[in-house]
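J.:
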Amino acid sequence: MEGTIEYGFTRWLVEDLPFEVSGTGNQSVLRDLYDAIPEIDRAEIGGSVSIALRENGEETREQRSFDLVLRDRMGNPLFVADLNDSRDPTAEGALESLVGNGRDIAESNESFAAAFAVTESFFEPGALETASDAVGGGLFSRSKRASFVKLSRKRGYHLCLVEARDGGFHMTVPDL
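Counting in the UniProt record's numbering, the sequence shown runs from 1 upward without gaps.
1) Is residue 65 buried or exposed, if buried means 16 or more other CB atoms sit within 10 Å of its CB?
2) Mapping DSSP to helix, strand and coil, what is residue 117?
3) Run through the DSSP bridge pairs and tell me what residue 27 is partnered with.
4) Could you check whether residue 95 and residue 6 sit closer than 8 Å to each other, using their CB atoms as the reference points?
5) Could you check how far apart the C-beta atoms of residue 157 and residue 114 are, in whole angstroms? I think they sit under 8 Å.
6) Does residue 47 pass the burial test, meaning 16 or more other C-beta atoms within 10 Å, or should it be called exposed?
7) Between which two residues does the beta strand (DSSP E) carrying residue 84 extend?
8) May I ask you to report which of helix, strand or coil DSSP gives residue 52?
9) Could you please give me the residues that DSSP links to residue 164 through a beta bridge?
10) Name the two residues that bound the continuous alpha helix (DSSP H) containing residue 135.
11) For the candidate residues 49, 54, 43 and 102, whose alpha-carbon lies nearest to that of residue 73?
The following block contains the structure:
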C-alpha cells in the first residue's frame, strides 16, 4: 500500500501541502483548500460521491466515482482526485470530466474544497487550457482565490494539477 500513488498523494496532501502553502504565503488565495486539510478524517480509494442534479424542477441523485475521495468525520467529501499512474500524458478529456464532476459536487456539497488531477507523466497542452478556462484564468483575472472554479459569488472549488515525480508530488496549478 505504501508504494502506491494513492497513499503517496494522500500523505503529501495531509503532511506536506499545508507547509508548502504557508511557506509560500498562499494561505489566503488557497483558503478553502488550506482550511479543509485538517478536517480530513479518511481517504477512500475508488470512492464515489453522491450529487444532486436538478432538471425541469425535479431532483435526482447520482454517484460520481474517483480514484480517491477524502472525507471529513461526517462523511462529507472535502477533496476528490483523479490519478494517472501511466507514462501517458493526462489528456484534455480527463480534465474536462474532472471539472464537470467537480462543479456537480460543489453544487451538492458545501464542504467540498478541491478537485485534484494527479499525473506521473505530464499534462497535455489541451488539459492545461481546459484548467485555465475553468478557473477563468488569464491576464486580467480578478479572482482573490488561486485556481478557483467559481460557481456563484461565494461558492466554488479549487482545481489543482499535481505532478508526481522524483518520489514526491509537485503542484503545478496553481503554482506555489
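Glycine is no exception: its CB is placed at the ideal position from the N, C-alpha and C atoms. Model, not experiment: these values are computed from the prediction.
T.: The relevant details are as follows:
1) exposed
2) strand
3) Paired residues: none, contrary to the question.
4) no
5) 6 Å
6) buried
7) 77 to 84
8) strand
9) 169
10) No alpha helix (DSSP H) holds residue 135; DSSP gives it neither H nor E.
11) 43
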